[in-house]
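Each remark here refers to the structure printed beneath this line.
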Amino acid sequence: MYIFVFCEETNMQHDFDVIISGAGPAGSACAIALKDSGLKVGLFDKDIFPRDKTCGDGLTPDTVNQLALLDPTLLDDFLKMTGILSVKGVKLISHKGKSVTVPLLQETGKVGMYSASRLIFDDLLFRFSASQTNISAFAGTSIVSTKVHSEGVEVQTSKGVFSCKILIGADGENSPIARSYLNLQIPDSEKYIAIRAYYQDVKLPDGVNYFHFFFPRDTLPIGIWLFPEANGNFNVGIGMSISLMKKRKANLAQLLQKEIDNGLLTPYFSDAKAVSPIKGHTITVGRKGRPISSNRLLLLGDAAGLANPLTGEGITNAIRSGRVAALHLQDCFRQNRFDATFNKAYDKEIYRRMAKEFKNYRIMEAINTSSFLNNYIIKNVAPHFTHVFSNPALVNKEQNSKFFLLKVLRYMVFKG
Ligand SMILES: Cc1cc2nc3c(=O)[nH]c(=O)nc-3n(C[C@H](O)[C@H](O)[C@H](O)COP(=O)(O)OP(=O)(O)OC[C@H]3O[C@@H](n4cnc5c(N)ncnc54)[C@H](O)[C@@H]3O)c2cc1C
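This note's numbering runs 390 ahead of the 1-based position in the sequence shown.
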């Protein structure tokens with residue numbers, strides 16, 4: 391059980407300046423971004439790495455670029471890893487079976503698009519954090535309760551009590567810390583369920599090294615992904631908002647199976663075998679204005695609900711939030727301010743960087759609910775966004791631009 395208590399206490403001696411609960415991409419990124427800060431960081435995760443996490447395992451150029459921004463050595467370590475697969479681009483297949491290929495441009499250089507199981511990706515980030523001199527990393531150690539005092543936070547873990555000046559909740563989608571301190575009621579339209587399974591012997595006639603997105607009518611607006619992995623297996627999955635699932639009485643596993651047995655995926659799955667059970671999880675998608683900090687507390691990644699509303703992609707913003715939090719934390723220590731009012735600057739900076747992405751993709755999601763418009767976009771709009779897929783700086787700039795939707799509309803109206 392997870393217990394939170396607020397109380398007054400003075401003159402606390404602290405074991406750490408910062409304690410991070412959760413060493414997924416968000417928590418590890420925050421720790422790594424603090425490596426030269428001089429702050430003493432405790433990074434805790436309830437699991438022992440390598441550990442799996444239910445995911446599509448897809449990493450965009452923007453995700454990979456986040457590694458470079460954290461530390462170029464980390465990117466080099468990533469690129470040297472066995473078990474990652476470099477993909478050449480994206481294939482979009484409409485409900486009519488028409489496909490469009492959006493290739494990565496050569497200019498992408500090192501920062502391409504990859505699939506990497508979370509077993510190896512998160513392990514890399516955790517090990518990189520643990521190797522920094524100012525970071526004490528505790529795997530297999532749950533945070534079970536916390537007490538916020540006037541001068542710090544007392545953290546009860548499964549292996550003893552620690553204290554810090556400020557607590558970071560990077561403990562994922564069901565974050566006990568977020569629930570206890572901010573207790574937000576997330577509407578069903580902002581909560582998605584996504585499921586995935588691994589298959590072997592999937593046959594893709596036109597080459598395997600593309601991320602495939604299928605858009606059967608019943609699964610819109612998000613569709614079904616099929617991502618190749620380095621070991622020859624494929625990660626196959628589907629997601630939908632809970633509100634839409636309720637409205638359509640949709641069962642995601644059945645929708646996926648239907649498309650495999652007798653639908654858009656059938657030609658590729660004639661000899662395919664499932665090599666894992668189906669696993670699922672909720673994803674809270676981003677919305678500007680949801681509070682993500684409090685007194686002596688910042689939330690990151692899934693704990694803050696920062697996933698993309700159309701794609702469900704959350705690793706990029708998890709890492710980005712870790713980087714933003716690290717900058718804010720250094721301000722906290724410089725100014726000796728850890729209160730809720732001061733921490734609002736963190737919320738502001740997160741939404742400055744992400745709010746337009748959330749808004750643009752929510753509108754795109756609404757448009758993509760129509761199979762006619764989805765088909766039209768795949769044919770006429772997607773090919774014009776090759777540069778966006780390819781250049782991490784542009785991905786962020788474009789999807790955070792107020793002109794993004796206008797560009798989409800321009801290509802819809804004038805057919806490029
Ligand atoms: C089916 C599915 C497919 C997806 N596909 C993609 C994709 O292809 N690409 C993409 O970018 N995103 C994808 N996502 C989203 C992505 O998985 C998340 O956005 C991402 O994992 C967020 O990282 P995080 O560090 O915030 O949280 P997590 O990765 O969940 O890490 C949280 C960590 O906190 C730890 N923890 C929890 N409670 C405690 C505690 N009490 N004490 C200590 N530690 C604790 C956990 O063990 C865990 O290691 C997908 C999600 C789902 C469900």
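Glycine residues also receive a C-beta, built at the ideal position from the N, C-alpha and C atoms.
Check: Along the chain, where does the beta strand (DSSP E) that runs through N625 open and close?; Outcome: F624 to S631
Check: Roughly how many angstroms lie between the CA atoms of I409 and G542, to the nearest whole one?; Outcome: 11 angstroms
Check: Assuming K690 contacts M754 (C-beta within less than 8 angstroms), just tell me the rounded distance between them.; Outcome: Going by the sequence as given, residue 690 is Leu instead of Lys. 25 angstroms between Cβ atoms; not a contact.
Check: On the DSSP letters alone, give me the boundaries of the beta strand (DSSP E) that L616 sits inside.; Outcome: I614 to P618
Check: Taking C-beta to C-beta, are G473 and A620 nearer than 7 angstroms?; Outcome: yes
Check: Please classify F762: is it buried, with 16 or more other beta-carbons within 10 angstroms of its beta-carbon, or exposed?; Outcome: exposed
Check: With respect to the beta strand (DSSP E) encompassing H671, which residues constitute its N-terminal and C-terminal limits?; Outcome: K669 to T674
Check: Rounded to whole angstroms, what is the Cα-Cα separation between Y571 and N652?; Outcome: 47 angstroms
Check: Can you check which of these residues, I682, E703 and C722, is closest to S565 by C-alpha distance?; Outcome: I682
Check: Mind the definition here: the stretch 506-518 touches the stretch 459-471 only if three or more C-beta pairs lie below 8 angstroms; say whether that holds.; Outcome: yes
Check: Here's a check: name, in chain order, each residue in its chain whose Cβ is nearer than 6 angstroms to the Cβ of K425, leaving out the five neighbours to either side.; Outcome: Q522
Check: Tell me, please, whether the CB atom of D405 is closer than 7 angstroms to any CB atom in chain D?; Outcome: The displayed structure is made up of one protein chain only, and chain D is not part of it.
Check: Check this for me: beta carbons of I585 and L645, under 7 angstroms apart or not?; Outcome: no
Check: Using only the alpha-carbon positions, how far apart do N733 and A568 sit?; Outcome: 15 angstroms
Check: I'd like the ranges of any alpha helix (DSSP H) spanning at least 4 consecutive residues and lying wholly in the stretch 712-768.; Outcome: 730-758
Check: On a Cα-Cα basis, can you pick out the residue from I510, E649, F468 and S548 that is closest to F439?; Outcome: I510
Check: So, are the CB atoms of G613 and F603 less than 7 angstroms apart?; Outcome: yes
Check: Ligand 1 heavy atoms versus the CB of D692: any closer than 6 angstroms?; Outcome: yes
Check: So what does DSSP say about S666, is it helix, strand or coil?; Outcome: coil
Check: Relative to the C-alpha of S427, which candidate in G622, D437 and D721 has its C-alpha closest?; Outcome: D721
Check: Cα-Cα, which of F528, D513 and N599 is closest to S505?; Outcome: N599
Check: Check whether the stretch 543-559 and the stretch 405-422 touch, using three or more Cβ-Cβ pairs below 8 angstroms as the test.; Outcome: yes
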